Amino acid sequence: MKPLFALFIAGCTFMVTAAAAIWAWQTGSPFLLGSGRLDGAEPPAGFVVVVHEIGGGGYRYLRWEQLAEVGVDGAARTFLLPETAGGHDAALSKRQTFQVLDSRGGRQIVEVNVLDTHQSWSRYEAYRDRVIPIAFRTDGGPLFIGMIGFVAVVAAAWVAKRTYWLVASRIGAHAAE
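My numbering puts the first residue of the sequence shown at 87, with every later residue one more than the last.
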């Protein structure tokens, strides 16, 4: 029964270590990946902007590089959004939402959240016919998260193994009878 107790303690240690690693990642990712302020720099390809299709067309979520392809005119399309929040589920698992953080006269501060194989946040200043990127942040994507997860699991397994041998040696589970 004593080795079973040591295994139980090691399993609990693994779970606590894994939970701590997940919490640390969620808390530390903005610090690790940066604040995301663009300060006039070209936004990355994952930067997403919402275009309002006037006349019942709804909203279109466009990546930064797609904006050049889409002509925005005051009559048919605009970057100013009539609602303060909205979103939709796209094909398969993608979820896209927007929120207007500030609206004054002919400009808005909009934040777009895209949850797909990774999560990203795009913030920009919107006018009728143009946008000015402010910030972009991402959780790093699946490869980066996978690497962090792998390191966390290896660390948790190592801690659990050390805990098992420590508890086992203290309770005499491996002592010769």
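All residues carry an ideal CB built from backbone N, CA and C; glycine is no exception.
In this text, all values refer to a predicted model and were calculated from it rather than measured experimentally.
| message | As a quick exercise: from 190, 187, 125, 204, pick the residue whose alpha carbon is nearest that of residue 181. | response | Translated into the one-based positions of the sequence shown, residue 181 becomes position 95. Residue 204 is the option with its Cα nearest to residue 181.
| said: Taking a contact to mean a Cβ-Cβ separation below 7 Å, would you say residue 198 touches residue 184 in this structure? | reply: Locating residue 198 in the sequence shown gives position 112, where the first residue counts as 1. Locating residue 184 in the sequence shown gives position 98, where the first residue counts as 1. Against a cut-off of 7 Å, the Cβ pair of residue 184 and residue 198 comes out as a contact.
| alpha helix (DSSP H) runs wholly inside the region 166-209, at least 4 long, in chain order | none
| Thinking C-alpha only, which one of 250, 258, 254 is nearest residue 98? | Taking the first residue of the sequence shown as position 1, residue 98 is located at position 12. Of the candidates 250, 258, 254, the one whose C-alpha sits nearest the C-alpha of residue 98 is 250.
| task | Compare the C-alpha of residue 138 against each of 148, 131, 129, 130 and name the closest. | result | The residue you call residue 138 lines up with position 52 of the sequence shown. Out of 148, 131, 129, 130, 148 has the C-alpha closest to the C-alpha of residue 138.
| message | Here's a check: name, in chain order, each residue in its chain whose Cβ is nearer than 7 Å to the Cβ of residue 174, leaving out the five neighbours to either side. | response | Here residue 174 refers to the residue found at position 88 of the sequence shown. Cβ neighbours of residue 174 beyond the five flanking positions: 182.
| task | Count the other CB atoms, across all protein chains shown, that sit within 10 Å of the CB of residue 109; report buried if there are 16 or more and exposed otherwise. | result | In the sequence shown, residue 109 corresponds to position 23, counting from 1. By the Cβ neighbour-count rule, residue 109 is exposed, with fewer than 16 other Cβ atoms within 10 Å of its own.
| task | Determine the burial state of residue 219: buried for a count of at least 16 other Cβ atoms within 10 Å of its Cβ, exposed for fewer. | result | Here residue 219 is taken as the residue at index 133 of the sequence shown, counted from 1. Classification for residue 219: buried.
| said: Quick check on DSSP: helix, strand or coil for residue 140? | reply: Mapped onto the sequence shown, residue 140 falls at position 54. Note: residue 140 maps to coil in three-state DSSP.
| Close beta carbons around residue 151, own chain, < 7 Å, minus the five adjacent residues each side | To locate residue 151, count along the sequence shown from 1; it is residue 65. Taken in chain order, the residues that qualify are 131.
| task | Just mark residue 167 as buried or exposed, buried being the case when its beta carbon has 16 or more other beta carbons within 10 Å. | result | Against the sequence shown, residue 167 aligns to sequence position 81. For residue 167, the number of other beta carbons within 10 angstroms of its own is at least 16, and it is reported as buried.
| For residue 235, does the three-state DSSP call read helix, strand or coil? | By one-based count along the sequence shown, residue 235 stands at place 149. Correct three-state label for residue 235: helix.
| message | For residue 240, tell me which candidate among 95, 100, 94 has the shortest Cα-Cα distance. | response | Position 154 of the sequence shown holds residue 240. Nearest C-alpha to residue 240: 100.
| field | One or two residues paired with residue 218 in a DSSP bridge | value | For the purposes of this step, residue 218 is identified with residue 132 of the sequence shown, where counting begins at 1. DSSP, once it has assigned bridges, lists 211 as partnering residue 218.
| DSSP beta-bridge partners of residue 224 | In the sequence shown, counting from the first residue as 1, residue 224 sits at position 138. 206, per the DSSP bridge assignment.
| request: Work out the CA separation of residue 103 and residue 96 for me, nearest whole Å. | output: The sequence position of residue 96 within the sequence shown is 10, counting from 1. The sequence position of residue 103 within the sequence shown is 17, counting from 1. The alpha-carbon of residue 96 is positioned some 10 Å away from that of residue 103.
| field | residue 213 versus residue 134: straight-line alpha-carbon distance, rounded | value | One-based indexing of the sequence shown puts residue 213 at position 127. One-based indexing of the sequence shown puts residue 134 at position 48. Distance from the CA atom of residue 213 to the CA atom of residue 134, rounded to whole angstroms, is 15 Å.
| said: Looking only at its chain, what residues have a beta carbon closer than 6 Å to the beta carbon of residue 253, apart from the 5 residues adjacent to it on each side? | reply: Position 167 of the sequence shown holds residue 253. The answer, listed in chain order, is 92, 95.
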